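J.: First the structure, which I've put down as structure tokens, then a few questions once you've had a look.
Protein chains: 2
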Amino acid sequence: MRHMTASPRVRMSPDSRREQLLDLGVRLLATRSIDEISIELLAEEAGISRGLLYHYFGNKQDFHRAVVRRAADELIEVTAPSSDTDPLVQLMLSLGAYVEYVTDNFEGYVSLVRAAASGDEGMREIYEEARAALTDRLFEVAGREQLAALGVTDSAATRLMVRGWSALTEEVVISWVRSPAGVSRDDLLQRLAHGLVALVRDPA
Amino acid sequence: MRHMTASPRVRMSPDSRREQLLDLGVRLLATRSIDEISIELLAEEAGISRGLLYHYFGNKQDFHRAVVRRAADELIEVTAPSSDTDPLVQLMLSLGAYVEYVTDNFEGYVSLVRAAASGDEGMREIYEEARAALTDRLFEVAGREQLAALGVTDSAATRLMVRGWSALTEEVVISWVRSPAGVSRDDLLQRLAHGLVALVRDPA
Chain B
1 MRHMTASPRV
11 RMSPDSRREQ
21 LLDLGVRLLA
31 TRSIDEISIE
41 LLAEEAGISR
51 GLLYHYFGNK
61 QDFHRAVVRR
71 AADELIEVTA
81 PSSDTDPLVQ
91 LMLSLGAYVE
101 YVTDNFEGYV
111 SLVRAAASGD
121 EGMREIYEEA
131 RAALTDRLFE
141 VAGREQLAAL
151 GVTDSAATRL
161 MVRGWSALTE
171 EVVISWVRSP
181 AGVSRDDLLQ
191 RLAHGLVALV
201 RDPA
Chain L
205 MRHMTASPRV
215 RMSPDSRREQ
225 LLDLGVRLLA
235 TRSIDEISIE
245 LLAEEAGISR
255 GLLYHYFGNK
265 QDFHRAVVRR
275 AADELIEVTA
285 PSSDTDPLVQ
295 LMLSLGAYVE
305 YVTDNFEGYV
315 SLVRAAASGD
325 EGMREIYEEA
335 RAALTDRLFE
345 VAGREQLAAL
355 GVTDSAATRL
365 MVRGWSALTE
375 EVVISWVRSP
385 AGVSRDDLLQ
395 RLAHGLVALV
405 RDPA
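So the sequence lines, in the order shown, correspond to chains B and L.
Under the numbering used here, the first sequence has 190 at position 190, and the numbering climbs by one with no breaks.
Under the numbering used here, the second sequence has 397 at position 193, and the numbering climbs by one with no breaks.
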């Protein structure tokens, strides 16, 4: 059984301790579905009492939402655009990071997508916020001039297609990680990136 | 309270009666989520006893699956390609029928997508079968020669992108029906149809 590097006996602020426990929750989520992450499992892995965990997280639902929010923040962070000025290169790099994230956290990621799609309003909210952050960023990064150069107007129709592309990317990457069927990672990234450009371009 | 046109007292074969009850279930689903369709509601609307319904459908889960399977078959039927020989025109007509179906059956359709995404394996299976039927048809209809003329090869990568486009279309159409935000139906159909062509084209 692995324990956290910092012993729980070391005095830490409640906030730092909570953050550390959330990080552990996110790591556990990589290879498990959200339903398999219990307060009991976290207590065992962290080597602290269940009572203390309930003190930090209230109940199981609040604990799950906190872990998922942390996982979503992590995804937004690892896929943050680089400083490269070519928007297509930035997009390819972000997509590469996204594919790596889904590969490394497959069980947890698929369970989050399912939890968001199901009846849990709290999960759906976190998921929608993360998706909005990931897609709105595309417009901010590119900027109006670069969009115009690509033949793209920032309109309701364009935003709708970007939202659709985001669903496409999620579906395609999950399917590909599950079964690559001979499609190379580079081919996948090329198709997704060029697909976005084609989808948001104004009709001729 | 509406009742079925044919009185339940008229002698019908068990299969016809079951079909008739399923049709009623699908009609009820248009304006309700799947969880709101109970054996009790169907019994009331059909004017027959709950006992008889349990006789036809076994239990609630089997009843729900039968209704959803029927709804999926209906969707596949109404979006069937026309006899038009231009694949792009066929695609636009199918997409138009899909948009109309989602508009007319909004509550039920959204609840099905959610049920499929959640833990219910039976629902997911029906959903995956319907999606596969809807997308595989695109290749059959177009045929190898027409695909080649469009610059498309039938490959694992192409099938992956079509699967993604299907998720995109679902997301975009549900969002659009919920809030059109000034995007016209024609603009929507144009973007979805041309989007597919762009997504499946082999990279230059």
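Using N, Cα and C, we set each Cβ at its ideal position, and we do this for glycine too.
Please read these numbers as outputs of a predicted model, since none were measured by experiment.
Are the CB atoms of L:S315 and L:D239 nearer to each other than 8 Å?
T.: The residue given as residue 315 of chain L occupies position 111 in the second sequence. The residue given as residue 239 of chain L occupies position 35 in the second sequence. Contact: yes.
J.: Distance, Cα to Cα, B:R137 vs B:A149?
T.: In the first sequence, counting from the first residue as 1, residue 137 of chain B sits at position 137. In the first sequence, counting from the first residue as 1, residue 149 of chain B sits at position 149. When rounded, the distance between both Cα atoms is 18 Å.
J.: Rounded to whole angstroms, what is the Cα-Cα separation between L:L403 and L:L256?
T.: Locating residue 403 of chain L in the second sequence gives position 199, where the first residue counts as 1. Locating residue 256 of chain L in the second sequence gives position 52, where the first residue counts as 1. Rounded to whole angstroms, L:L403 to L:L256 spans 50 Å at the Cα level.
J.: I need the DSSP call for L:S253, collapsed to helix, strand or coil.
T.: Counting from 1 along the second sequence, the entry for residue 253 of chain L is found at position 49. Coil, per DSSP.
J.: For the region 335-364 of chain L, list the beta strand (DSSP E) runs that are entirely contained and at least 3 residues long, ordered along the chain.
T.: You should have found no qualifying run.
J.: For B:V197, which option in B:D187, B:A72 and B:L147 has the closest C-alpha, if you only look at C-alpha atoms?
T.: Counting from 1 along the first sequence, the entry for residue 197 of chain B is found at position 197. Among B:D187, B:A72 and B:L147, the Cα nearest to that of B:V197 is on B:L147.
J.: Measuring only the C-alpha atoms, how far is B:A142 from B:V26?
T.: As a first step, residue 142 of chain B must be located in the first sequence, where it is residue number 142. As a first step, residue 26 of chain B must be located in the first sequence, where it is residue number 26. Cα to Cα, B:A142 sits roughly 31 Å from B:V26.
J.: Which residues in chain B sit within 8 Å of L:R348, going by Cβ to Cβ distance?
T.: Locating residue 348 of chain L in the second sequence gives position 144, counting from the first residue. Correct list: empty, because the minimum Cβ distance to chain B is about 20 Å.
J.: With 8 Å set as the bound, which would you pick, yes or no: does the beta-carbon of B:E36 sit closer than that to a beta-carbon of chain L?
T.: Numbered from 1 along the first sequence, position 36 holds the residue referred to as residue 36 of chain B. Chain L has no Cβ within less than 8 Å of the Cβ of B:E36.
J.: In angstroms, rounded to a whole number, what distance separates the CA positions of B:D202 and B:A157?
T.: Within the first sequence, numbered from 1, the residue matching residue 202 of chain B stands at position 202. Within the first sequence, numbered from 1, the residue matching residue 157 of chain B stands at position 157. So the two alpha carbons sit approximately 9 Å from each other.
J.: Roughly how many angstroms lie between the CA atoms of L:V271 and L:R222, to the nearest whole one?
T.: Residue 271 of chain L sits at position 67 when you count from the first residue of the second sequence. Residue 222 of chain L sits at position 18 when you count from the first residue of the second sequence. Distance from the CA of L:V271 to the CA of L:R222, rounded to the nearest whole angstrom, comes to 11 Å.
J.: So, is the C-beta of B:S175 closer than 8 Å to a C-beta in chain L?
T.: To locate residue 175 of chain B, count along the first sequence from 1; it is residue 175. It does; some Cβ of chain L falls within 8 Å.
J.: With 8 Å set as the bound, which would you pick, yes or no: does the beta-carbon of B:L243 sit closer than that to a beta-carbon of chain L?
T.: The structure shown has nothing for residue 243 of chain B, since chain B only spans 1 to 204.
J.: Output, in chain order, the set of chain L residues within a Cβ distance shorter than 7 Å of B:R191.
T.: In the first sequence, counting from the first residue as 1, residue 191 of chain B sits at position 191. The answer, in chain order, is A361, M365 and P407.
J.: Give me the Cβ distance between L:G399 and B:M161, rounded to the nearest whole Å; I'm assuming they're in contact under 8 Å.
T.: For the purposes of this step, residue 399 of chain L is taken as residue 195 along the second sequence, with counting starting at 1. For the purposes of this step, residue 161 of chain B is taken as residue 161 along the first sequence, with counting starting at 1. With 8 Å as the limit, L:G399 and B:M161 qualify as a contact, their Cβ atoms being about 7 Å apart.
J.: Would you call B:Q61 buried or exposed, if buried means 16 or more other Cβ atoms sit within 10 Å of its Cβ?
T.: Against the first sequence, residue 61 of chain B aligns to sequence position 61. So B:Q61 counts as exposed.
J.: Rounded to whole angstroms, how far is the Cβ of B:L41 from the Cβ of B:L28, which I believe are closer than 8 Å?
T.: Here residue 41 of chain B refers to the residue found at position 41 of the first sequence. Here residue 28 of chain B refers to the residue found at position 28 of the first sequence. Contact flag correct, Cβ pair sits at about 7 Å.
J.: By the DSSP assignment, the alpha helix (DSSP H) with L:L222 in it spans what residues?
T.: Residue mapping note: residue 222 of chain L aligns to position 18 of the second sequence, counting from 1. Checking the displayed sequence, the identity of residue 222 of chain L turns out to be Arg instead of Leu. Looking at the DSSP string, the run of the alpha helix (DSSP H) that includes L:R222 is P218 to L233.
J.: Cα separation between B:H3 and L:P291?
T.: Numbered from its first residue, the first sequence carries residue 3 of chain B at position 3. Numbered from its first residue, the second sequence carries residue 291 of chain L at position 87. Bear in mind that a pLDDT of 48 at B:H3, under 50, signals an unreliable position, so the number given afterwards is only what the model happens to contain. A straight-line Cα-Cα distance of about 60 Å links B:H3 and L:P291.
J.: Please classify B:N59: is it buried, with 16 or more other beta-carbons within 10 angstroms of its beta-carbon, or exposed?
T.: Working through the first sequence from its first residue, we reach residue 59 of chain B at position 59. Around the beta carbon of B:N59, fewer than 16 other beta carbons lie within 10 angstroms, which makes this residue exposed.
J.: Could you check whether B:A167 and B:M92 sit closer than 8 Å to each other, using their CB atoms as the reference points?
T.: Counting from 1 along the first sequence, the entry for residue 92 of chain B is found at position 92. Counting from 1 along the first sequence, the entry for residue 167 of chain B is found at position 167. Not in contact: B:M92 and B:A167 (Cβ atoms no closer than 8 Å).
J.: L:T283 and L:Y305: beta carbons closer than 8 Å?
T.: Here residue 283 of chain L refers to the residue found at position 79 of the second sequence. Here residue 305 of chain L refers to the residue found at position 101 of the second sequence. Yes, they are a contact pair.
J.: Can you pull the chain L residues whose beta carbon is under 9 Å from the beta carbon of B:D187, in chain order?
T.: Residue numbering aside, residue 187 of chain B sits at position 187 when the first sequence is read from its first letter. Those within 9 Å of B:D187 in chain L are A361 and P407.
J.: Got a sec: is the Cβ-Cβ distance from L:L316 to anything in chain B below 8 Å?
T.: In the second sequence, residue 316 of chain L corresponds to position 112, counting from 1. Judged by the 8 Å Cβ criterion, L:L316 is not in contact with chain B.
J.: Output the distance between the C-alpha atoms of B:P233 and B:E171, rounded to the nearest integer angstrom.
T.: Outside the modelled stretch of chain B, which goes from 1 to 204, sits residue 233 of chain B, for which no answer is possible.
J.: Note down, in chain order, every chain L residue with its Cβ under 7 Å from the Cβ of B:H194.
T.: As a position in the first sequence, residue 194 of chain B is number 194, starting the count at 1. What B:H194 touches in chain L: P407.
J.: Just verifying my parser: in three-state terms, what is the DSSP assignment at L:G262?
T.: Stepping through the second sequence from its first residue, residue 262 of chain L is reached at position 58. In the structure shown, the three-state DSSP call for L:G262 is coil.
J.: Name the two residues that bound the continuous alpha helix (DSSP H) containing L:E311.
T.: Translated into positions along the second sequence, residue 311 of chain L becomes position 107. The continuous alpha helix (DSSP H) containing L:E311 extends over residues F310 to A321.
J.: Would DSSP call L:V409 helix, strand or coil?
T.: Shown here, chain L extends from 205 to 408; a query on residue 409 of chain L therefore has no answer.
J.: With a CB to CB cut of under 6 Å and the five nearest residues on each side skipped, what residues in its chain are close to B:W124?
T.: Within the first sequence, the letter at position 124 stands for residue 124 of chain B. Position check: residue 124 of chain B holds Arg in this sequence, whereas Trp was assumed. A116.
J.: Using CA coordinates, which residue listed in L:P285, L:F310, L:G355 and L:E333 is at the minimum distance from L:S237?
T.: Within the second sequence, the letter at position 33 stands for residue 237 of chain L. Of L:P285, L:F310, L:G355 and L:E333, the residue nearest in Cα terms is L:F310.
J.: Relative to the C-alpha of B:R131, which candidate in B:W176, B:L21, B:D15 and B:E77 has its C-alpha closest?
T.: Residue numbering aside, residue 131 of chain B sits at position 131 when the first sequence is read from its first letter. Nearest to B:R131 by alpha-carbon distance, out of B:W176, B:L21, B:D15 and B:E77, is B:E77.
J.: Should L:D390 be labelled buried (16 or more other beta-carbon atoms within 10 Å of its own) or exposed?
T.: Taking the first residue of the second sequence as position 1, residue 390 of chain L is located at position 186. Classification of L:D390: exposed, given that the 10 Å Cβ count is below 16.
J.: Taking DSSP as the reference, what is the three-state secondary structure of L:R236?
T.: Counted from its first residue, the second sequence places residue 236 of chain L at position 32. DSSP places L:R236 in coil when its eight states are reduced to three.
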